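Down below is the structure, laid out as structure tokens.
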Amino acid sequence: MDTFLWGVLPYVALVLLVAGTIWRYRYDKFGWTTRSSQIYESRLLNLASPAFHYGILFVLVGHLMGLFIPESWTNAVGLKERAYHLLSLFGGTAAGVLAVAGIALLLYRRRTNAPVFRATTRNDKLMYAVLLAAVVMGMWAKLTNSSVSEGYDYRETIAPWARSVFTLQPDVSAMAGVPLTFRLHAVIGLLLIALVPFTRLIHMFSAPVQYLFRPYVVYRSRAAGELGSRREKRGWEKVDS
Amino acid sequence: MRVLAQIAMVMNLDKCIGCHTCSVTCKQTWTNRSGMEYVWFNNVETRPGQGYPRRYEDQGRWRGGWELNRRGALRLRSGGRFRSLATIFSNPVLPGIKDYYEPWTYDYKNLTDAPLGDDYPVAEPRSLLTGKPMKIEWGSNWDDNLGGGPESVAADPMVGQAQERARETADRAAAQVRDAFEQTFMFYLPRICEHCLNPACVASCPSGAMYKRTEDGIVLVDQDRCRGWRKCVTGCPYKKVYFNHRTGKAEKCTLCYPRLEVGLPTVCSETCVGRLRYLGVVLYDADKVTQAASTPDEQALYEAQLSVFLDPADPDVRRAAERDGVPHDWIEAARRSPAHALISTYRVALPLHPEYRTLPMVWYVPPLSPVVEALTGTGHDGEDAGNLFGAIDTLRIPLEYLAELFTAGDVGPVRAALERLAAMRSYMRGVNLGDPADPSVPERVGMTEAEVEDMYRLLALAKYEERYVIPTAALGDARRLEEAAVPDGCGLDAPGGPGMLPPGPLPGGGPFGDDSGTYEGLPLVTIENFHASRRRQTADDVPAKPEEDL
């Protein structure tokens, strides 16, 4: 079981993430969108959406820092375990609370606003369930295993395992003594990673950073072969034919 | 100089009767899909009125278009690039569905399925967003024909702005918008995407999915690249980019490019009952666009935009255009372009809201009609030049109001355009009544008699071929090749030559209908395929004949 969870599942998730994204890009560019519901309701969204997104971005940064920067590196720059723990506890919790509050408000909005709820697909519901579970489980794992004085040092167990996944020598034994809540969070997290290409979460890969560097007005020429009729593309409903 | 070609549209507001045929045919063609129920690529507004979406011209609220920053450089009014990305998770100034209107359908089934009863069954409205019964409270032309009365007029942002400006110049009486019912005024304003030279929607698209085509200047959304960030909806000051709430992508007027590419006018133009739309090529200097759009004085933007346009008769311009890859038939079309004539030659067309600094390319001939009517009503000769010129300043549609729409509040160009229209009416009335032509009338507005007559032909007779001068995309080339494959033949083989049919239609028509057996009326294509030929000869409808001059 351990071998499956910590030696196989991560690779399944990563392969689904990469292959799924490539597949989606090739097959479904038309469906690659945020599917915004702002046109139905703006007031709550203006609060909830930035809260959730900024929160989850900081959470992401925290995860990357915690999992992929070895303890020895932070020690080397003089950031001792205790200081790191406090940073992780307060910074992480603040970001987490922001994200949880945001997603809670977003879910409330989605459920109570009739047009928004009507525009919610089954795919969205599954995605929301896994996303909410991952965020809540993460908060729970962190808060039940920490106090201000000391907390569970995942940088000696989970982080080495996470790095070993990428060196293709998964250190399954490193996850042996990890508290159950952390392990649950990790599994749900892997599930979420696998789901990204197949849900609206895909929009995270189109963060438009290039906007900062391009000229304001875009000119394009008609490509060769754009004249005349062309093969029908996915996404356009046929009308009266 | 970098010459680009742009398909421009001009609408003659004098002729618009507000029938909404353009809107309906456009909707049937382009936006009759779910997710687009509330969308009108073409809509007709009654002015003064709120417009669609409601009060879209209030840029203090909707933050569309461009503004100048402290250094005098162009900046999107909705904020710079960093601000745009920082607010990407929720657009703070996106119009909601209620600002357009909540789309609905009717429960038609009830009409046939209702059980027998004392009451007549009705089809209740059902929201297309929630599926639940709803109260219909607004639509895309709810205040049509001043429906809603004074409240609706007062809600027009341009009315407020005209009064504001009048207060500043202490010229209050002139700008009193007469909203008392006996004295009220209105006219119709059909609107489509402006296909601007400096499009703010394109500039605000973070994904780079929106673009301006170099061949014809049409502004389009690449549906495969759009990621639904909704910034373009805010960026466009005319609110002519719409969010398809089902696909999650932006959509907008395409200027019917599949039709234009084969030389057909847009659906809105083709079906326009009043024949008030003109389509033609305008050549412009792409290098001067940014400079013109950053002209500090808002009221100078109209002249600045005129200076961006190039004269297709100028040999230098033609050479530069050839160099920059503008096809020859496009340059020729630019010479015959009704848009160029009305905008640059006669200067009777004006841009809609130049103060947004987007350099819009759908221009309007301001309405003159009510002044003639009003003058005649007072017992004067409504088309007498002296009376007409004097009356322009006391138009029921106040000049100040038109100026808010077309010239950022500068009355001068509007008055000049109306005076030219008035001169044309007065002069042509004389001609048509057989009076000796009065050259002093055109002179007063700086035109020659020939120019006035040409303008009359374009505006009043408005022949189909003269209203729409549309070079095709590739067909122009293809047809030339096709023609080249056919031997030119003997010059005597023309109608009227020895042994040939006489020119003109045969008496009694040919064996297969009116234009069989004759040369006139045949399409220009040399080689006609079998099916096309059979369809033409056996179709039930009457082939179009050239109209007799009115």
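Those protein sequence lines, which keep their order, are chains A and U. 1316 is the number of the first residue of the first sequence in this note's numbering; add one for each residue after it. 226 is the number of the first residue of the second sequence in this note's numbering; add one for each residue after it. All C-beta atoms, glycine included, are put in the ideal place defined by N, C-alpha and C. For clarity, every value in this text was computed on a predicted model and none was experimentally measured.
Reduced DSSP category for residue i - H, G, I as helix; E, B as strand; rest coil
i         : result
Lys465/U  : coil
Glu1465/A : coil
Asn316/U  : coil
Ala475/U  : strand
Asp510/U  : strand
Glu1386/A : helix
Thr632/U  : coil
Ser1351/A : coil
Tyr576/U  : In the sequence as presented, Tyr is not what sits at residue 576/U; that position holds Pro. Strand.
Val498/U  : coil
Asn1361/A : helix
Asn1438/A : helix
Pro358/U  : strand
Phe1405/A : helix
Phe266/U  : coil
Phe534/U  : strand
Val694/U  : coil
Leu480/U  : coil
Leu445/U  : strand
Thr459/U  : helix
Tyr571/U  : coil
Gln524/U  : helix
Ala685/U  : helix
Cys260/U  : In the sequence as displayed, the identity of residue 260/U is Gly instead of Cys. Residue state, collapsed to three classes: coil.
Asn370/U  : helix
Met649/U  : helix
Buried versus exposed, by CB contacts within 10 Å (16 or more), residue i
i         : result
Asp239/U  : buried
Phe410/U  : buried
Glu708/U  : Note that Glu708/U scores a pLDDT of 49, beneath 50, so its modelled location is shaky and nothing firm can be said.
Gln1525/A : exposed
Met1519/A : exposed
Met1316/A : exposed
Glu824/U  : Beyond the ends of chain U as shown, which are 226 and 775, falls residue 824/U; an answer cannot be given.
Ile556/U  : buried
Phe1319/A : exposed
When the options are compared against residue i, the one with the closest alpha-carbon
i         : options                                       : result
Val1451/A : Gln1353/A, Gly1407/A and Leu1324/A            : Gly1407/A
Thr1436/A : Met1490/A, Asp1343/A and Phe1513/A            : Phe1513/A
Ser651/U  : Val636/U, Pro638/U, Val670/U and Arg295/U     : Val670/U
Leu480/U  : Trp255/U, Asp618/U, Pro576/U and Val590/U     : Trp255/U
Met1380/A : Val1524/A, Arg1470/A, Pro1485/A and Ser1488/A : Arg1470/A
Val694/U  : Pro462/U, Leu489/U and Ala574/U               : Leu489/U
Ala647/U  : Gly634/U, Asp618/U, Cys244/U and Ile232/U     : Asp618/U
Leu684/U  : Ala517/U, Gln516/U, Met586/U and Tyr503/U     : Tyr503/U
Thr1459/A : Leu1404/A, Asn1428/A, Leu1362/A and Leu1507/A : Leu1404/A
Val1327/A : Ser1521/A, Val1511/A, Arg1515/A and Gly1453/A : Val1511/A
Asp536/U  : Pro552/U, Tyr277/U, Leu526/U and Thr570/U     : Thr570/U
Leu293/U  : Ile556/U, Ser519/U and Ala230/U               : Ser519/U
Val1412/A : Lys1457/A, Arg1424/A and Val1392/A            : Lys1457/A
Ala1366/A : Ile313/U, Trp287/U and Gly290/U               : Ile313/U
Gly442/U  : Cys493/U, Val514/U, His470/U and Arg300/U     : Val514/U
Pro585/U  : Tyr689/U, Lys437/U and Gly550/U               : Lys437/U
Assumed close pair residue i, residue j - CB separation to whole angstroms, cut-off 8 Å
i         : j        : result
Leu508/U  : Phe534/U : 7 Å
Val466/U  : Cys426/U : 5 Å
Lys822/U  : Gly453/U : Since the first residue of chain U shown is 226 and the last is 775, residue 822/U is not available in this structure.
Pro1430/A : Leu354/U : 4 Å
Met234/U  : Ala559/U : That pair is no contact at about 15 Å.
Thr583/U  : Pro415/U : The pair is not a contact, with the Cβ atoms about 18 Å apart (cut-off 8 Å).
Tyr1355/A : Ile322/U : 6 Å
Pro346/U  : Trp329/U : No, Pro346/U and Trp329/U are not in contact; Cβ-Cβ is about 18 Å, not under 8 Å.
Arg645/U  : Val573/U : 5 Å
Per DSSP, cross-strand counterpart(s) of residue i
i         : result
Met1316/A : BP columns for Met1316/A are empty, so no partner.
Tyr413/U  : Thr271/U
Ile232/U  : Val506/U
Leu1324/A : Looking at the DSSP assignment, Leu1324/A forms no beta bridge with any residue, so it has no partner.
Thr330/U  : Arg351/U
Arg438/U  : Arg1535/A
Glu292/U  : Arg300/U
Asn237/U  : Val590/U
Val249/U  : DSSP output for Val249/U lists no bridge partner at all.
heavy atom of the ligand ATP below 7 Å from residue i C-beta
i        : result
Arg582/U : This structure lacks the ligand ATP; in fact it carries no ligand of any kind.
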